[in-house]
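Residue numbers (my numbering), protein chains in the order written: chain Z, 80 to 461; chain X, 1345 to 1590. Each remark here refers to the structure printed beneath this line.
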């Protein structure tokens, strides 16, 4: 092989062939690791079902007790209206407000509706309804009260207006735009997308690069004529494809199982998601520059990605009610912008121009992180 | 003398104030098995990294496979093979898949890879293990496989960084059979080790102490020069003067 004089022109390794060999290798790593596969496909489905069905902030059969001294027609109507609604179910009656309170304290009911004595007879004078609610969870307590109030007011109004002229047309009316049934899935689905995509792309890429460093295979690759850039891109491709599959899974599940509308154009939703996936991949690359072992990569990813995404992206806690400093801080959390864009597109069905700001911010962040991580990656290798 | 494939003059590498490799010069000839000895921290790995095109020398000059280490690192990479200290094949891939991947990395065609795979498996006596995952093989086999992978693309020079760590002397001897075969084919072998029995197997060795080469020659020449009965004695004598902490 080396008998004749060394040839001047040696075959240059074809980048495309090498690239394909690498993508194949990377796919094998993913497909052969049962734990990875489980995380990749189990996590999205589980989270969707969990958030979609188990963790709901919308009301469902809230246990209600009624306090009334006289079962007249009006109270009867109100009670059956409450019971008929999907939100409340009457679990009993109680003679006094004080006793109702103790029932709530014993966790046997969540809300008590207290009618003033001889409610129907006094309806033009001082008839009143008091709502006692368990506000140990303030958000839920408030919701119980609002729902109950609207049902009670609606029933009484329709009852008394029958045959009578409307005396006091209500001045304030509330209209729940975009989510009239106030389903929490509408709120969670964009949040889960924001969390899962960054989790899978960033965590998986950083761990897989760290694994090569840990096992020493990275050293061998670097001594080979392959460009480091090719190694990195080849690593990203399978995860990118997987993310697209996961994105499709989430969207299909949310549409068919959780009845979340996909109002906006699918093209914009997918387009912005792709930018976000790219951003997550670059973040993963950045993390892998800092971490030399899989465990470190995992911890750093969790620290800098999972926590801010859950706490500061508006996924669970509304950004508007945070202190000003935290609100500013949320601006650097990419998931915040992604989730906001997805909410607008999926639920409100706005056109692309309304999410232009979010899109531009995401593109800017992607370019910045990608540049930093590629620069760092190169210098580290020398 | 036959053709020179590695030639180094006054090669130096500094990290801040620390001089890891201090002004080393040597030549290695085609088909030679060149042992590169030194205690931990003597600068072996740093020197080897410069020769492999992984890091730039601070000063000095050198050529590997006819290419300048300062400017042609990328060209060097195409003409060498490398086996790292840590066993470094992909454990979750089969024997054949590992060979195919590294063949692909070095730009070999599918046909070449196929032919060469048969050859290598036959030589290693591992036809039965073709489709076994690498993690199921014993360490000695893995090391032989890693060596075959490093020379799969028939490089001019192969660099072995402590290739036989963690196996017994009998397994090391088997491993060296493969090194001899490669050298007979004209592949120059540059090997670092701290097993002195391995040092005896080399054609020529150099001993590094504190970043400098303090002795170079055939094992017999060195034993004669330092009046020692084996390489262990030579090494201990030279390393005693080390001021660096191990």
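No residue lacks a Cβ here, since even glycine has one placed at the ideal position from N, Cα and C. Every value quoted in this text rests on a predicted model; they were computed, and no experiment measured them.
| query | result |
| --- | --- |
| Contact the segment 284-299 of chain Z vs the segment 1427-1444 of chain X: 3+ CB pairs below 8 angstroms | yes |
| 3 or more residues per run - each beta strand (DSSP E) lying fully within the segment 1394-1435 of chain X | 1403-1408 and 1424-1427 |
| Reference residue 310 of chain Z; option with closest CA among Z/118, Z/292, Z/323 and Z/436 | Z/292 |
| Distance cut-off 7 angstroms: residue 1529 of chain X Cβ against heavy atoms of the ligand PLP | As for the ligand PLP, it is missing from this structure, which has no ligand bound. |
| Every unbroken beta strand (DSSP E) inside the segment 139-193 of chain Z [3 residues or more] | 141-146 and 167-173 |
| Contacts around residue 242 of chain Z, its chain only, beta-carbon distance under 7 angstroms, and the 5 residues preceding and following it disregarded | Summary for residue 242 of chain Z: the model assigns pLDDT 48, below 50, so the residue's position carries little reliability; its value from the coordinates is reported in the next sentence. The answer is none, since no qualifying residue turns up. |
| Residue 144 of chain Z burial status per 10 Å Cβ neighbour count (16 or more: buried) | buried |
| Those runs of the beta strand (DSSP E) which lie wholly inside the segment 1548-1584 of chain X and span at least 3 residues | 1548-1553 and 1556-1561 |
| Limits of the unbroken beta strand (DSSP E) element including residue 1505 of chain X | 1501-1505 |
| Status (buried if at least 16 other CB within 10 Å, exposed otherwise) for residue 1524 of chain X | exposed |
| Span of the alpha helix (DSSP H), counted from its first residue to its last, around residue 1491 of chain X | 1483-1494 |
| CB contact check: residue 357 of chain Z to chain X, cutoff 8 angstroms | no |
| Beta carbon proximity, residue 1430 of chain X to chain Z, threshold 8 angstroms | yes |
| Inter-residue Cα distance where the pair is residue 288 of chain Z and residue 379 of chain Z | 14 angstroms |
| Cutoff 8 angstroms: residue 1371 of chain X Cβ touching any chain Z Cβ | no |
| Interface residues of the segment 286-305 of chain Z facing chain X [CB-CB below 7 angstroms] | 294, 295, 296, 298, 299, 301, 302, 303, 304 and 305 |
| 7 angstroms CB neighbourhood of residue 424 of chain Z in its chain, flanking five on each side removed | 343, 347, 348 and 434 |
| Selected residue, minimal CA-CA separation from residue 233 of chain Z, among Z/178, Z/164 and Z/369 | Z/164 |
| Which residues DSSP lists as bridging residue 1379 of chain X, in chain order | X/1535 and X/1549 |
| One or two residues paired with residue 1357 of chain X in a DSSP bridge | X/1365 |
| Chain Z within 8 angstroms of residue 1396 of chain X, Cβ atoms only | yes |
| Exposure label - residue 1442 of chain X; buried when at least 16 CB within 10 Å | buried |
| Assigned secondary structure, residue 1373 of chain X (DSSP; H/G/I helix, E/B strand, else coil) | strand |
| Three or more C-beta pairs below 8 angstroms linking the segment 1460-1476 of chain X and the segment 1385-1398 of chain X | no |
| CA-to-CA distance, residue 281 of chain Z to residue 1448 of chain X, given in whole angstroms | 27 angstroms |
| Listed by chain order, chain X residues near residue 112 of chain Z by CB distance under 9 angstroms | 1436 |
| Interface flag, residue 370 of chain Z vs chain X, CB-CB below 8 angstroms | no |
| Amino acids of chain Z, ordered along the chain, whose beta-carbon sits closer than 9 angstroms to that of residue 1524 of chain X | Correct list: empty, because the minimum Cβ distance to chain Z is about 17 angstroms. |
| Within-8 angstroms CB hit, residue 96 of chain Z to chain C | Of the chains in the structure shown, none is chain C; the protein chains are Z and X. |
| Residue 1488 of chain X versus residue 1478 of chain X: straight-line alpha-carbon distance, rounded | 12 angstroms |
| For residue 284 of chain Z, the residue or residues it bridges with in DSSP | For residue 284 of chain Z, which the question treats as bridged, DSSP gives no partner whatsoever. |
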